[in-house]
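S.K.: So that we are looking at the same thing, I have put the structure below in structure tokens.
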Amino acid sequence: MNVKTIRGLLLLILGMTLIKGLIYSIVIPFDRAPDEDFYFRQIKAKQLQLNQASDAEKQQVAVEAERTWYSLVNWGNTRERPLKDFAHAKLPGAPSSFKPYVGNNDIYYLVMAQVLNVLNLDSIRTEIYLARGFSILLGVGIVFLAFLVARELFLNTPFLLIGIPLFIALIPQFSAMNGSCNSDKLAEFLASLFFWLMVKVCKYGMKVHLVTGAFLIMGATVLSKRTTTFVLPLLVLVVFVYFWKWTIGIRMHLVLFVSGAILVLGGYALLWNEWFYTLVSENIIWLPPVEDLKNYLFRPELFTLDSVKFYAKFFILLHWSFWGLFGYMTIHLHHFWYIGAALFQGVAIFGLMKSIVRVRHKRIMPERWVAKTLYLMAVSIVLVVAIMFIRSVLLRDVPFLGQGRRLFVVIIPISVLTMLGLENVFPPKYQKALECLMIVGFTILDVVCLSNYLLLHFYGIAFF
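Under our numbering, the sequence shown has 86 at position 69, and the numbering climbs by one with no breaks.
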């Protein structure tokens, strides 16, 4: 496949991502998108804080925002309500841009507030659609970064070069999130940028500009949203694996296990320091009182049959909401679709296992830097799921279920490993047909998701 063809296909994929995002941004009901009202009010609060607005100006904006949101939610209601009906409206407190782990504070609000200041729009309705448009552009950027990662890893494998960004662009949940105002997209984009730089560091070595860029992006990623906490332990692993001179095997994992145990015990000892405990508990991850931490993590109720059922439900819902449960997760899809997606990913996992066996038996010999990069990508997925499980279940008296859209911070590793697994299962002569089948199948799923979503919202019915 020549360069011109690859560029043309890439433009088609990026265009498809843009169009799908626009479709979702136009048709998604405003009271069903994920916390859009909350996100937008936080943006306006941050903008007014930057502009040092008076209390009277803040109240006026709050009233206008409330009325605009009411008209968008009740778009079929032709009766225009007067401003006085919304006099009770108030904006939330402006979020801090550099304490992402306290509540929902992150730099997304700072970035969007600056964008609104620069454009100086005169309509709140237009600003809301602009916020949705910003998410679409970030989604397109993520797909483009996926292509850049694929080009570094698999330049001479067209199936992977095109398939990796295509896989991301076709996921219905990804398109739905692109079409809504949310802080997830900026976190996903920064995490994707970090993965691209990680690949370049593994391939070209620790050049000054690459390392500097990786550290800067890592800092921005960690500040962007709570779901990016995984970047911190991942960075430690990147440094360790980069300098590891032997094969990735039992010996390396023994060293990692011993090192990890020492770090965990050292961290547990440090938690007895009141200042350090407060720093971790308030800014990184909530922890129970340190003297009760050991008993808290191993309390008997965590090992009951009901708890095991809840854990299974946690991972099932994580899988469902990665593919098709969006908004307030009210959409209903037939289990057929989730089973099909599970089989699709199961085939990919089988292909990865097959590839690992072939490498162990020296039937194939990937370059060392490629093997290290793929290993780090797999670890990043494990870290995200583990942190989500610990935060949502183990460290809470009342556990709650996770959302699959939180996995989009590692969407590039998921796509790379999925497509690599499929590439190891299907011979080259079937790979073009497989990509065409993916496009058809995912498009049908997308149509079903969107149809069910809208029918459920407007008419209270769902099919298939």
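Backbone N, C-alpha and C define an ideal beta-carbon position, used for all residues, glycine too.
#1: Let me know the secondary structure DSSP gives residue 140 once reduced to three states.
#2: Tell me the rounded alpha-carbon separation between residue 293 and residue 275.
#3: With a cut-off of 8 Å on the beta carbons, I'd call residue 410 and residue 247 a contact; round off their distance for me.
#4: In or out: residue 353 buried (at least 16 other Cβ within 10 Å) or exposed?
#5: Do you know offhand how far residue 227's Cα is from residue 369's?
#6: Would you mind reading off the limits of the alpha helix (DSSP H) that contains residue 320?
#7: Drop a sphere of 10 angstroms on the beta-carbon of residue 189, count the other beta-carbons inside from all chains shown, and report buried for 16 or more, exposed for fewer.
#8: Quick check on residue 242: buried or exposed, where buried means 16 or more other Cβ atoms within 10 Å of its Cβ?
#9: How long is the line joining the alpha carbons of residue 283 and residue 157, rounded to whole angstroms?
#10: Report the residue from 311, 210, 180 and 334 whose alpha carbon sits nearest the alpha carbon of residue 286.
#11: Can you tell me whether residue 460 is helix, strand or coil according to DSSP?
#12: Is the region 156–172 touching the region 97–107, taking contact as three or more C-beta pairs under 8 Å?
#13: Between which two residues does the alpha helix (DSSP H) holding residue 489 run?
#14: Please go through the region 283–307 and give each complete beta strand (DSSP E) segment of 3 or more residues, from N-terminal end onward.
#15: Taking one C-beta from the region 443–457 and one from the region 172–187 each time, how about it: are there three or more such pairs within less than 8 Å?
#16: What is the DSSP secondary structure of residue 333, counted as helix, strand or coil?
#17: So, do the region 210–221 and the region 373–391 have three or more beta carbon pairs nearer to each other than 8 Å?
#18: Using 8 Å as the threshold, is the C-beta distance between residue 107 and residue 73 below it?
#19: For residue 377, count neighbouring Cβ atoms within 10 angstroms of its own Cβ and tell me buried if that reaches 16, exposed if not.
#20: Which one of 167, 31, 195 and 288 has the shortest CA to CA distance from residue 17?
#21: So which of 142, 394 and 134 has the shortest CA-CA distance to residue 90?
#22: Note down, in chain order, each residue of its chain lying with its Cβ closer than 7 Å to the Cβ of residue 423, except the 5 sequence neighbours on either side.
#23: How about residue 126 and residue 75: do their beta carbons lie closer than 8 Å?
#24: By DSSP, does residue 24 sit in helix, in strand, or in coil?
M.R.: Short version:
#1: Looking up residue 140 in the sequence shown gives position 123. Coil, per DSSP.
#2: Counting from 1 along the sequence shown, the entry for residue 293 is found at position 276. Counting from 1 along the sequence shown, the entry for residue 275 is found at position 258. C-alpha separation (whole angstroms): 23 Å.
#3: Taking the sequence shown and counting its residues from 1, one reaches residue 410 at position 393. Taking the sequence shown and counting its residues from 1, one reaches residue 247 at position 230. That pair is no contact at about 17 Å.
#4: Along the sequence shown, one-based indexing puts residue 353 at 336. The residue is exposed, with fewer than 16 neighbouring Cβ atoms inside 10 Å.
#5: On the sequence shown, position 210 is the one that residue 227 refers to. On the sequence shown, position 352 is the one that residue 369 refers to. Distance between the alpha carbons of residue 227 and residue 369 is about 29 Å.
#6: Here residue 320 refers to the residue found at position 303 when the sequence shown is read from its first residue. Note, residue 320: premise wrong, no alpha helix (DSSP H); not H, not E.
#7: Here the question's residue 189 lines up with position 172 in the sequence shown. Label assigned to residue 189: buried.
#8: Translated into the one-based positions of the sequence shown, residue 242 becomes position 225. Looking at its Cβ environment, which holds 16 or more other Cβ atoms inside 10 Å, residue 242 is buried.
#9: By one-based count along the sequence shown, residue 283 stands at place 266. By one-based count along the sequence shown, residue 157 stands at place 140. Their backbone Cα atoms lie some 42 Å apart in a straight line.
#10: If you number the sequence shown from 1, residue 286 lands on position 269. Closest by alpha carbon: 311.
#11: Stepping through the sequence shown from its first residue, residue 460 is reached at position 443. Residue 460: helix per DSSP, three-state reduction.
#12: no
#13: The first residue shown for the chain is 18 and the last is 481, placing residue 489 beyond what the model contains.
#14: none
#15: yes
#16: Indexing the sequence shown from 1 puts residue 333 at position 316. In the structure shown, residue 333 sits in a helix (DSSP, three-state: H, G or I).
#17: yes
#18: Within the sequence shown, numbered from 1, the residue matching residue 107 stands at position 90. Within the sequence shown, numbered from 1, the residue matching residue 73 stands at position 56. Result no, Cβ atoms of residue 107 and residue 73 do not sit closer than 8 Å.
#19: For the purposes of this step, residue 377 is taken as residue 360 along the sequence shown, with counting starting at 1. Result: exposed.
#20: Lying before the first or after the last residue shown, residue 17 is absent from the chain, which here runs from 18 to 481.
#21: The residue labelled residue 90 in the question sits at position 73 within the sequence shown. The shortest C-alpha separation from residue 90 is found at 142.
#22: Taking the first residue of the sequence shown as 1, we reach residue 423 at position 406. So the list reads 244 and 405, once near-sequence residues are dropped.
#23: On the sequence shown, position 109 is the one that residue 126 refers to. On the sequence shown, position 58 is the one that residue 75 refers to. No.
#24: Along the sequence shown, one-based indexing puts residue 24 at 7. If DSSP states are grouped into helix, strand and coil, residue 24 belongs with the helices.
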